[in-house]
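Peer 1: Submitted below is the structure of interest, expressed as structure tokens.
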């Protein structure tokens with residue numbers, strides 16, 4: 043899925059969905075996942091704004107922010123995005139990047155990712 | 003139904019307060035619901051089935067509390083133009099972050115097939131374009147009439163213009179002849195005056211000249 047923060051990764055693949063106790067088959071918006079970085083932006087050793095730059099093949103954590111599969115809101119409405127997207131995290135549930143580019147689902151707020159929601163340029 | 007599952011609470015008019023589980027549906031009671039809706043009946047649950055409470059959306063906060071909101075806003079379908087009431091339909095966010103709302107899977111499917119709503123006969127876009135079902139008052143353009151005003155000019159005010167216009171032919175004629183005769187009389191008077199002043203010796207050769215001069219003078223005088 044796409045990575046929409048500026049951590050350096052472009053494309054990540056989900057490897058495991060972290061949900062308490064259960065080995066769930068799928069993850070939804072707001073779920074933490076373990077992922078492998080499949081594609082990343084070329085790391086500039088000389089100029090690096092943030093110290094942490096993700097490389098290809100890294101195994102990281104991420105939180106899903108957009109899904110193609112519909113997500114049901116409490117008011118009964120369904121939300122669906124055109125793609126799957128995630129934001130990279132570190133082991134302490136903190137964001138790796140500093141900025142987010144793109145739309146983010148508002149369900150994140152309900153699952154406790156207020157920081158991501160506040161950084162996002164647009165929340166639906 | 004969804005509303006009953008959530009345990010709608012209401013106050014019975016005789017002071018009792020309870021949820022649908024607590025009240026038995028046997029007796030005849032009057033009740034007032036949370037939002038002021040009043041009713042009475044034998045089987046309360048049956049009553050409530052017909053009056054659905056407004057749907058609520060709950061926002062869950064990280065500290066464990068939740069606030070419930072009414073999702074009032076009725077959206078419109080981006081394809082067909084129908085109204086989407088809360089809890090109905092789907093919301094689709096495209097890659098360019100543009101939001102599309104669909105009231106039914108029908109409109110969603112057609113949208114994804116990239117059909118043009120202007121060509122689909124049952125959509126509002128089509129109907130507006132082909133002016134279906136719009137009454138005359140809306141459709142017809144009001145014809146613009148420029149109202150002409152009678153205005154007076156400098157030198158001839160409204161009254162003078164009206165006078166001139168309303169002059170009958172007779173009146174005009176009389177005025178004209180009067181003016182003519184008046185002019186003639188004036189001319190004659192002038193000629194007579196000029197002849198008197200000029201000496202008689204000059205008469206023959208100068209006569210035509212004088213008369214011409216007089217005429218010119220007369221004309222100028224008139």
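Chains as they are written, first to last, in the numbering used here: chain A, 43 to 166; chain B, 3 to 224.
Ideal Cβ placement from N, Cα and C applies to all residues, glycine included.
(1) Where residue 72/A and residue 103/B are concerned, what is the direct C-alpha to C-alpha distance, given to the nearest angstrom?
(2) Please go through the same chain and pick out, in chain order, the residues whose beta-carbon is closer than 8 Å to the beta-carbon of residue 143/A, but skip the five residues on each side of it.
(3) Strictly under 7 Å for the Cβ-Cβ distance: is residue 124/A near chain B by that measure?
(4) Residues of chain A with CB under 8 Å from residue 93/B, in chain order?
(5) Any residues in the stretch 140 to 152 of chain A with a beta carbon nearer than 9 Å to a beta carbon of chain B? Which ones, in chain order?
(6) Alpha carbon to alpha carbon, what distance is there between residue 69/A and residue 59/A?
(7) Please classify residue 106/A: is it buried, with 16 or more other beta-carbons within 10 angstroms of its beta-carbon, or exposed?
(8) Checking 7 Å against the spacing of the C-beta atoms, do residue 105/B and residue 84/B come in under that value?
(9) For residue 98/A, which residues in the same chain have their Cβ closer than 6 Å to its Cβ, ignoring the five residues on either side in sequence?
(10) Whole beta strand (DSSP E) runs in the stretch 108 to 161 of chain A with 3 or more residues, listed along the chain?
(11) Can you give the Cα-Cα distance for residue 76/A and residue 129/A, rounded to whole angstroms?
(12) Quick one: what does DSSP say residue 168/B is sitting in, helix, strand or coil?
(13) Name the chain A residues that come within less than 8 Å of residue 88/B, Cβ to Cβ?
(14) Please say whether residue 81/B and residue 109/B have beta carbons closer to each other than 7 Å?
(15) For a test of the three-state rule: what should DSSP assign to residue 54/B, helix, strand or coil?
(16) Could you pull out every residue in the same chain whose Cβ sits closer than 7 Å to the Cβ of residue 166/A, ignoring the five residues on either side in sequence?
(17) Could you tell me whether the Cβ of residue 135/B comes closer than 7 Å to any Cβ of chain A?
(18) Under 7 Å between beta-carbons, which chain A residues line up against residue 96/B? List them in chain order, please.
(19) I'd like to know whether the C-beta atoms of residue 115/A and residue 74/A end up nearer to each other than 7 Å.
(20) Any idea what DSSP makes of residue 163/B, helix, strand or coil?
(21) Residue range of the beta strand (DSSP E) that residue 81/A falls in?
(22) Going by DSSP in three states, residue 104/A sits in which element: helix, strand or coil?
(23) With distance defined between alpha-carbon atoms, name the residue in 89/B, 97/B, 122/B and 115/B nearest to residue 108/A.
(24) Between residue 96/A and residue 127/A, is the Cβ-Cβ spacing less than 7 Å?
(25) Does any residue of chain A bring its CB to less than 7 Å from the CB of residue 99/B?
(26) Run down chain B in chain order and give the residues with a C-beta less than 7 Å from the C-beta of residue 112/A.
(27) What separation, rounded to the nearest whole angstrom, lies between the Cα atoms of residue 92/A and residue 140/A?
(28) Please state whether DSSP places residue 81/B in a helix, a strand or coil.
(29) By DSSP's criteria, residue 44/A is part of a beta bridge. Which residues make up the other side?
(30) Would you mind reading off the limits of the alpha helix (DSSP H) that contains residue 129/B?
Peer 2: The short version:
(1) 22 Å
(2) 46, 47, 48 and 163
(3) yes
(4) 119, 120, 121, 122 and 166
(5) 144, 145, 147, 151 and 152
(6) 6 Å
(7) buried
(8) yes
(9) 79 and 82
(10) 120 to 123 and 127 to 131
(11) 11 Å
(12) helix
(13) 117, 118 and 119
(14) yes
(15) With a pLDDT of 42 at residue 54/B, under the threshold of 50, the predicted position of this residue should be treated as unreliable, though the coordinate-derived value follows. DSSP places residue 54/B in coil when its eight states are reduced to three.
(16) 121, 145, 147 and 148
(17) no
(18) 124
(19) no
(20) helix
(21) 74 to 82
(22) strand
(23) 97/B
(24) no
(25) yes
(26) 92
(27) Caution is warranted here: a pLDDT of 49 is assigned to residue 92/A, below 50, making its placement in the model unreliable, and the coordinate value is therefore given only provisionally. If you take the alpha carbons of residue 92/A and residue 140/A, they lie about 8 Å apart.
(28) coil
(29) 53/A and 127/A
(30) 126 to 131
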